[in-house]
Amino acid sequence: MYAIGIDVGGTSIKWGLVSKDGKVLATDFIQSRKDEDQNLVADKLVYKIDEFLKQQGVERKEIIGIGIGSPGTIDSKEGEVIYTNNLDWQHFPLAKILENRLGLTTKITNDANAATLGEVKFGAGKKYKNVIMLTLGTGVGGGIVIDGKLIEGNKGGGAELGHAVINFESDILCTCGRYGCLEVYASATALIRQTKQAMEANRDSKLWDVVDHDITKVNGKTVWDGYDLNDKTAIEVVNNYIHYLGIGILNYCNIFRPEALILSGGIAKQGDRLVNLLTDYCEKNHYGYGGSAPVKILIAELGYESGIIGAASLVL
Ligand SMILES: [Zn+2]
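Residue numbers (the working numbering): 15 to 330.
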C-alpha cells in the first residue's frame, strides 16, 4: 500500500508515491504560476496524477489516500485552501476536487503542519508523540503535534508560532501587521538583517572578509562563518540570535511541554552547534528546570523530500 504526497510550492507542485514507511519511491511535478486559474490547476493535477499512477503501474486500490501540504490558510475539515498569497488561490476546495475526481481519500493542511507531522512519523521526532517544530527560513513556520495529532486550530488558523510577539516594544514590523513577532527576530531573513547591521556598526569585523567586503553577499550562513573565525561581532550577533530564538522556544516549552522541539529550514543547517547553543540557553532559563521534563532540541531529518513525505503522512 502507498500514499501520494503533494507539496504545493510557489513555482511548482510536486508529488510523490510514498511507501507506508515514509520512503519516496517516485516523483513528478507541474509548474505553478501565480496568475494561473485555480480550476485549471485542479484539472492538470487530476490528469497528471492519474497518468503518474498508470506509469508507476499502481492501482487505485493500492493507494491509501492523498495528502496535500499547501502554503496559506487551509480549512482542513472542508478540504479547502481559504487563501494563499503565493499562488493567489481563494476558497479553492483542492482536496475535495481531487477526492471526488480521483476517487481517493484526500486530506490537506498547511505546509508547515504537514512537515511537522512528517518529522514526527518518519523523521527526527519518530520516538516522540508531543513535538513542536519551528522552520527558520524566510519567515518562521510552526507546527504542533500533541499525542500524535496535529493541532491546527479553528479553520486551520492556529499553530502560527512565528507570530507570537517576543518584544512588545519592538519597532520591527512583521508581515502579519504586528511588531516584534518571533519571525522578525529568528527567521533567516532576520539573521541576515542582524548580520548586516552589526557589520555596518563594526567596520573592523572579520565578517567583511567572509563576504569579500560586499555586504550584499551576506546570507544566513555568513555570521556562522565569522563565528568560526572567533570574530567578536559575529559572536555577539549569534548570541543575540540565540537569545531571541531561545525566548520563543522556551515560551513553547512552557505552553506545550513537548518531548522534542525540532528545528528545520535554512538556519537549521548549522546542526549541532545551533542545538548546543540553544540547549545551553534553555537549560539556564527553563521553567522548573531540573523539576520539569526537559525538552530535547533536534534538527529535522527529512531534507528536500520533507514536503512530499509530510503531505503523505496525513494519510499514512
Ligand atoms: Zn507576525
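No residue lacks a Cβ here, since even glycine has one placed at the ideal position from N, Cα and C.
A Cβ closer than 6 Å to some heavy atom of ligand 1 marks a residue here, and those residues are His177, Cys188, Cys190, Arg192, Cys195 and Glu197. A straight line joining the alpha-carbon of Val179 with that of Ser201 spans about 13 Å.
Pairing Glu297 with Ala138 gives a Cβ-Cβ distance that is not under 8 Å. Annotation: Gly86 to Ala129 spans about 14 Å, alpha carbon to alpha carbon. The alpha-carbon separation between Asn124 and Arg217 amounts to approximately 43 Å. Here the alpha carbon of Ala40 sits roughly 22 Å from the alpha carbon of Arg115. Taking 4 residues as the shortest admissible run, the segment 262–324 contains the following complete alpha helix (DSSP H) segments, listed from N- to C-terminal end: 285–299. Sixteen is the threshold: when 16 or more other Cβ atoms of the shown chains lie within 10 Å of the Cβ of Glu133, as they do, the residue is buried.
Judged by pairs of C-beta atoms under 8 Å, the segment 79–99 touches the segment 18–34, as three or more such pairs exist. Counting every other CB atom within 10 Å of its CB across the protein chains shown gives Asp89 a total of 16 or more, marking it as buried. Going by DSSP, Gly132 is part of the alpha helix (DSSP H) stretching over Asp125 to Phe136. In the three-state reduction of the DSSP assignment, Phe182 falls in the coil class, being assigned neither a helical nor a strand state.
Shown here for Thr119: same chain residues with a beta carbon closer than 8 Å to its own, the five before and five after excluded, namely Ile78, Gly79, Ile80, Glu113 and Val329 in chain order. For Met213, the three-state secondary structure derived from DSSP is helix.
In the DSSP assignment, Leu150 falls within the unbroken beta strand (DSSP E) covering Val145 to Leu150. Short of 6 Å from the beta carbon of Val198, and not among the five residues preceding or following it, lie these beta carbons of its own chain, in chain order: Ile186, Cys188 and Ala204. Distance from the CA atom of Glu94 to the CA atom of Leu54, rounded to whole angstroms, is 16 Å.
Of the candidates Val154, Gly170 and Asn290, Val154 places its Cα closest to the Cα of Gly194.
Non-local C-beta neighbours of Ser184 in its own chain, meaning closer than 6 Å and more than five positions away in sequence, comprise Tyr193 and Gly194, ordered along the chain.
If you draw a straight line from the Cα of Ile269 to the Cα of Lys135, it comes to about 22 Å. Counting only the Cα atoms, Lys110 lies some 10 Å from Gly117.
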